[in-house]
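Asks: Quick one: the structure is below, questions incoming.
Residue numbers (the working numbering), protein chains in the order written: chain U, 14 to 260; chain X, 2 to 438.
Okay, structure coming up:
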């Protein structure tokens, strides 16, 4: 199976501090993967590299069937290529309505002239409705996103991510600040999404990762320590040593 | 509750032939504009004002109003137009440009070149016509150059006056020169992701540099003398100032109305949504795939051109333009007007600019009564600036929505006041500690 995203030998350091060292990672077109690791393991930096926010010092990041390099592309171009990212803290546009948030995210031409003459098609409107329905925000479409509860904002952001129709979703700690019921819903949803596209979940809550039931990549000090099923990696003595041993 | 999609431009698929109620693109275009009820009121007030001024003007009405006051009102409308542009770039997009009055003044210089050249040419031709031998084109050109540049000790026409003989060409420059400057400046600044206060400082530096350059006598634009006599429109020598002042007033009102409609259309659709999103979290907009820098550049340049057009209408009414008009303080005033009027709403910018600039001309015109305090007399000509500064501070601290906020209160609109740190997890949500159990 050819990989959708192929990261190889990537290193980056900030003022001499090596955040990522010779990291390699790949994920297929329809796969769910969890990345775990203690604080400072380089999880977020890894996401920054893939989404173009941080340029690595060395290594390659290849995308898609054509093996296009992401390193020369801007954040916006990478997003347009099909990589969506959800941040740890919900980042929605609080001053705008839920519907406006979703329309912003809806897959469409992104240039200024396209936006100037944009009219929401019936299909687009249906899609916004369906997405809102999916995450339980159908009754809140006209409300300002800033008025939503924390959990609802998380959902809105997930809906926005889906509206982008990305081929790869990078999700940073999706369950933070969610109730147990919401966590279960999130798990089911991520598993469902991963049937048709690639999903990378960054998390350090092992319980949540167990529920995802997917391959796990363990990061430590900026490189991959172990990879495999959760049971497999939790038996790895190195992993126990650096990560689980702490608890 | 209104359905949220009523607020979004929408069309049913194949709307061209469906003809269903509310589904035609034309109906939707009007709906998109009518979404902001303030549009109607602003246009209505403009129409009423225009009719009233015309009826009171010395040229077409009762003459209750002096020509100079008609000009003051016309100039005020031009300042409102510049404030509209400032609101788009600052209030909606979050770029606090403190250099937009440079574009305004450049627009004035560009139209001023034609006004001055063509008018001087008329005078020179007339003066030479009494000579026994008809003047040659070279003689006329020489005469014009001496007339215009004698004051800075020159007698040659600088190359930047190359188009000054032609109104259409010089009008093109009104758009092209400030537009290009904004495009190049914006491209350099936005490409390097200069934002916030650094961008504000950069724009201040730009307007200061331009101002200092124009102060030089060899800048080709008459140094600190600037361009004068702009109130005399070439070819319209027979038209008296009282009539001209009304014409310019109408033109200014029309320009403001058209700009208001156009900008309302721009901000009411998805484009406006993207702009507000950039203002609130530009990194997030990037991760949605929008080329943020292109949007910023588009808005920066568009608003620069609007300012230039406003300037091109303003200076023929003011009669004179000099490099002091590009002083950094002018652009700061523009921001103050928008802040006092209420940024992030177009009518706020118009109200702020009109209110503050009219008040300013009243105070500085010496008509405001001085306040005797016994030990000191407050003379408003000097103290107006202090009052303005204090009210700016007061608005920023006490009423961040400015005058526009009063309308919210009057209409009973209430938005939740959520300031401070971003909201954390809702109470009762599973916290990290429990999650590990």
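Here a beta-carbon is modelled for each residue, glycine too, at the ideal position from N, C-alpha and C. In this text, all values refer to a predicted model and were calculated from it rather than measured experimentally.
Could you tell me which chain X residues have their CB closer than 7 angstroms to the CB of residue 223 (chain U), listed as they occur along the chain?
Replies: Chain X residues near residue 223 (chain U): none, gap ~12 angstroms exceeds 7 angstroms.
Asks: Starting from the C-beta of residue 369 (chain X), find all residues in its chain whose C-beta is less than 7 angstroms away, skip the five residues before and the five after it, and write them out in chain order.
Replies: Result list for residue 369 (chain X): 363 and 381, in chain order.
Asks: If the cut is a Cβ gap below 9 angstroms, which residues of chain U does residue 109 (chain X) touch?
Replies: The premise fails here: residue 109 (chain X) is roughly 28 angstroms from chain U at the closest Cβ pair, so nothing lies under 9 angstroms.
Asks: Between the C-alpha atoms of residue 387 (chain X) and residue 153 (chain X), what's the straight-line distance to the nearest angstrom?
Replies: 36 angstroms
Asks: For the region 307-322 of chain X against the region 144-162 of chain U, do three or more pairs of beta-carbon atoms, one drawn from each stretch, fall closer than 8 angstroms, so that the two count as touching?
Replies: Verdict: no, contact absent.
Asks: Taking C-beta pairs closer than 8 angstroms, name the residues in chain X that residue 124 (chain U) reaches, listed in chain order.
Replies: 292 and 295
Asks: From the DSSP output, which residues share a beta bridge with residue 233 (chain U)?
Replies: Residue 233 (chain U) is bridged to U:236.
Asks: Looking at the unbroken beta strand (DSSP E) that takes in residue 34 (chain U), where does it start and where does it end?
Replies: 30-40
Asks: Between residue 432 (chain X) and chain U, is any beta-carbon pair separated by less than 9 angstroms?
Replies: Low confidence applies to residue 432 (chain X): its pLDDT is 40, below 50, so where it sits in the model is not reliable enough to give any reading.
Asks: The region 77-93 of chain U: which residues have C-beta closer than 7 angstroms to a C-beta of chain X, in chain order?
Replies: 88, 89, 92 and 93
Asks: Here's a check: name, in chain order, each residue in its chain whose Cβ is nearer than 7 angstroms to the Cβ of residue 100 (chain X), leaving out the five neighbours to either side.
Replies: Hits under 7 angstroms: 204, 205, 207, 208 and 332.
Asks: Since residue 26 (chain U) is in the beta strand (DSSP E), which residue starts that stretch and which ends it?
Replies: Its beta strand (DSSP E) spans residues 18-27.
Asks: Which residues mark the beginning and the end of the alpha helix (DSSP H) in which residue 69 (chain X) is found?
Replies: 68-87 is the span of the alpha helix (DSSP H), which, as asked, contains residue 69 (chain X).
Asks: Have a look at residue 166 (chain U) and residue 289 (chain X) and give me their C-alpha separation to the nearest angstrom.
Replies: 16 angstroms
Asks: Do you know how far the Cα of residue 314 (chain X) is from the Cα of residue 145 (chain X)?
Replies: 24 angstroms
Asks: Going by CA-CA distance only, name the one from X:222, X:254 and X:276 that's closest to residue 44 (chain X).
Replies: Here the closest residue by C-alpha is X:254.
Asks: Taking the C-alpha atoms as reference points, what is the distance between residue 422 (chain X) and residue 129 (chain U)?
Replies: Confidence at residue 422 (chain X) is low in this model, with a pLDDT of 41, below 50, so the placement of that residue should be treated as unreliable; the coordinate-derived value is given next. Cα to Cα, the separation comes out at about 33 angstroms.
Asks: So what does residue 241 (chain U) bridge to, in DSSP terms?
Replies: U:229
Asks: Return the bridge partner residues of residue 181 (chain U) from the DSSP annotation.
Replies: U:96 and U:211
Asks: Please report the residue range of the beta strand (DSSP E) in which residue 48 (chain U) lies.
Replies: In the DSSP assignment, residue 48 (chain U) falls within the beta strand (DSSP E) that extends over 45-49.
Asks: Shorter than 9 angstroms from the beta carbon of residue 286 (chain X) to some beta carbon of chain U?
Replies: yes
Asks: Which whole-angstrom value is the C-beta distance of residue 300 (chain X) and residue 89 (chain X), which I expect to be below 8 angstroms?
Replies: The C-beta distance from residue 300 (chain X) to residue 89 (chain X) rounds to 6 angstroms, short enough to fall under 8 angstroms.
Asks: Closer than 7 angstroms by beta-carbon distance: list the chain U residues that pair up with residue 299 (chain X), in chain order.
Replies: 125
Asks: Quick one: is residue 217 (chain X) buried, meaning 16 or more other Cβ sit within 10 Å of its Cβ, or exposed?
Replies: exposed
Asks: Which residues in chain X sit within 7 angstroms of residue 198 (chain U), going by Cβ to Cβ distance?
Replies: Within chain X, no residue comes near residue 198 (chain U); the closest Cβ sits about 13 angstroms away, beyond 7 angstroms.
Asks: Taking just the CA atoms, how far does residue 127 (chain X) sit from residue 162 (chain X)?
Replies: Rounded to whole angstroms, residue 162 (chain X) to residue 127 (chain X) spans 21 angstroms at the Cα level.
Asks: For the alpha helix (DSSP H) that contains residue 245 (chain X), what are its first and last residues?
Replies: 242-269
Asks: For residue 247 (chain U), return the contacting residues in chain X, with the cut-off set at a CB-CB distance below 7 angstroms.
Replies: Going along chain X, no residue has its Cβ under 7 angstroms from residue 247 (chain U), so there is no contact; the nearest lies around 15 angstroms.
Asks: To the nearest whole angstrom, what separates the beta carbons of residue 170 (chain U) and residue 99 (chain U), a pair I think is in contact under 8 angstroms?
Replies: Correct: roughly 6 angstroms between the Cβ atoms.
Asks: Would you mind giving the Cβ-Cβ distance between residue 84 (chain X) and residue 406 (chain X), rounded to the nearest angstrom? I have them listed as a contact below 8 angstroms.
Replies: Going by Cβ atoms, the distance from residue 84 (chain X) to residue 406 (chain X) rounds to 17 angstroms, so no, they are not a contact pair.
Asks: Identify the contact partners of residue 1 (chain X) in chain U, using a Cβ-Cβ distance below 7 angstroms as the criterion.
Replies: Residue 1 (chain X) cannot be examined here, being either before or after the span of chain X that is shown, 2 to 438.
Asks: Does the Cβ-Cβ distance between residue 132 (chain U) and residue 115 (chain U) come in under 9 angstroms?
Replies: Judged by beta-carbon spacing, residue 115 (chain U) lies beyond the 9 angstroms limit of residue 132 (chain U), meaning their Cβ atoms are not closer than that value.
Asks: Answer yes or no: does any C-beta atom of chain X fall closer than 9 angstroms to that of residue 97 (chain U)?
Replies: yes
Asks: Got a sec? Which residues, its chain only, sit under 6 angstroms from residue 122 (chain U) by beta carbon, not counting five neighbours each side?
Replies: none
Asks: For residue 44 (chain U) and residue 211 (chain U), which I take to be in contact (beta-carbon distance under 8 angstroms), what is that distance rounded to the nearest angstrom?
Replies: 5 angstroms
Asks: Would you be able to state if there are at least three C-beta pairs under 8 angstroms between the region 22-37 of chain U and the region 60-72 of chain U?
Replies: Output reads yes: the region 22-37 of chain U touches the region 60-72 of chain U.
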